[in-house]
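Okay, so the sequence shown: first residue is 452 according to the working numbering, each after it adds one.
Read through the structure below, which is laid out as structure tokens, and then see the notes.
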Amino acid sequence: MTDRRAALVFWLLSTAPAAAASAGCGQPPPDRPPQAVGLEGGARGILVAVPEAYDPAVPHRLIVAFHGRTNPAERVRRYYGLEDAAKRPTIVVYPRAERQSDGTFVWRLPQDAALFDAVVERMAADYCVDRDRVFAVGHSLGATFANTLACARGETLRGVATVAGGIQPAECRGEAAALLLHHPQDRLVPVETGQAARDALLAANDLPATPAESFAEPYVCRRYGAADDPAPVAWCLHDQSATRTGRTYAHQWPDGAEQAALAFFRALEGD
């Protein structure tokens, strides 16, 4: 059986640019990570994970990770597993979505695009961030919003990696690479919704509708765009539907998704 924890190998030949060091490089970090960022109309909460061995002289990758409709930032931090999967200095920020009247969370445009902007600027000011290595991750509703930001904030994002997401209508600004994971039998976010997100990002990145290459381990994937394209799109199907408690649930964060996301980012970075 395929080991889902294995890193996903992407055939990309991107050359990593020199680090675009932020204003926070060389400066002492705050005594504690910020718990909120200021926006017009009030502050918004964030959960920030800074490496224990943080070095203000080293530009860090920044990942902004969006939670879904029902799980808060603390819970997705545990099951995304991004901090443990990172192989280079990485800061991960988990923004907190606003709640709706029914208690579920929601991500909206343009309010939460402004939240993303504020997160990037705050982290770049307080910490040593590589502005050319800003990424977004999400699952379900969070995936839909991260995919949307790949279009709306393509000039800021180097890439996104998402599981079981769609996309919202948005005016595209720049191009961001994308890794999209989906289960064909997902009933909460049908695979057709994921395919629509894929096609929207192909159009935004001016990529052909025919994949350039396919590979099968540990997921069945197709890469759109040449190996040296700066903003490829990888569309991957997984078959994990059994949960750890034994029930069947296709709409889940599959084993190995965090390794796949970080492998994709490393390939874009030229590592």
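Glycine is no exception: its CB is placed at the ideal position from the N, C-alpha and C atoms.
What first and last residue would you give for the alpha helix (DSSP H) that runs through residue i?
i, result
"residue 570", "562 to 577"
"residue 528", "524 to 531"
"residue 664", "Careful: residue 664 lies outside any alpha helix (DSSP H), inside the beta strand (DSSP E) at 664 to 666."
"residue 599", "592 to 603"
"residue 490", "Taken as a continuous stretch (DSSP letters only), residue 490 belongs to no alpha helix (DSSP H), being part of the beta strand (DSSP E) at 487 to 490."
"residue 717", "708 to 720"
"residue 645", "642 to 655"
Can you tell me which of the options puts its alpha carbon nearest to the alpha carbon of residue i?
i, options, result
"residue 535", "557, 561, 500 and 571", "500"
"residue 628", "719, 556 and 590", "719"
"residue 639", "517, 624 and 692", "692"
"residue 634", "700, 715 and 621", "700"
"residue 527", "541, 568, 498 and 690", "498"
"residue 508", "646, 660, 717 and 577", "577"
"residue 518", "689, 684 and 591", "591"
"residue 703", "694, 523, 538 and 583", "694"
"residue 439", "525, 645, 659 and 689", "This structure leaves residue 439 out entirely; the chain is present only between 452 and 722."
"residue 705", "575, 583, 524 and 589", "589"
"residue 566", "516, 678, 583 and 642", "516"
"residue 494", "645, 538, 624 and 549", "549"
"residue 623", "657, 523 and 661", "657"
"residue 505", "525, 479 and 487", "479"
"residue 543", "579, 521 and 559", "579"
"residue 659", "532, 677, 514 and 621", "677"
Using the beta-carbon count (16 or more within 10 Å), is residue i buried or exposed?
i, result
"residue 637", "buried"
"residue 613", "buried"
"residue 503", "exposed"
"residue 454", "At residue 454 the pLDDT is 47, less than 50, meaning the model places this residue with poor confidence; the figure from the coordinates comes in the next sentence. Residue 454 should be labelled exposed."
"residue 581", "buried"
"residue 491", "exposed"
"residue 546", "buried"
"residue 555", "exposed"
"residue 452", "Confidence at residue 452 is low in this model, with a pLDDT of 33, below 50, so its placement is unreliable and the value that follows should be read with caution. That one is exposed."
"residue 707", "buried"
"residue 530", "exposed"
"residue 696", "exposed"
"residue 553", "exposed"
"residue 561", "exposed"
"residue 456", "Here residue 456 scores only 45 on pLDDT, less than 50, and its place in the model is too uncertain to base an answer on."
"residue 573", "buried"
"residue 541", "buried"
"residue 406", "The question about residue 406 has no answer here: the residues shown for the chain are numbered 452 through 722."
"residue 710", "buried"
"residue 682", "buried"
"residue 512", "buried"
"residue 717", "buried"
"residue 626", "buried"
"residue 721", "exposed"
"residue 645", "buried"
"residue 605", "buried"
Report, in whole angstroms, the separation of the C-beta atoms of residue i and residue j, which I expect to be a contact under 8 Å.
i, j, result
"residue 615", "residue 594", "6 Å"
"residue 587", "residue 611", "4 Å"
"residue 630", "residue 715", "4 Å"
"residue 618", "residue 647", "7 Å"
"residue 684", "residue 670", "Between residue 670 and residue 684 the Cβ distance is about 14 Å, and since that is not below 8 Å, they are no contact."
"residue 712", "residue 583", "Not quite, the Cβ-Cβ distance comes to about 18 Å (not below 8 Å), so this is no contact."
"residue 475", "residue 575", "6 Å"
Looking at the unbroken beta strand (DSSP E) that takes in residue i, where does it start and where does it end?
i, result
"residue 688", "684 to 688"
"residue 512", "511 to 517"
"residue 613", "610 to 614"
"residue 607", "Element bounds for residue 607: n/a, residue is neither H nor E."
"residue 630", "628 to 633"
"residue 493", "493 to 500"
"residue 541", "541 to 546"
Count the CB pairs spanning the region 646 to 666 and the region 596 to 606 that are closer than 8 Å, and state whether there are at least three.
-> yes
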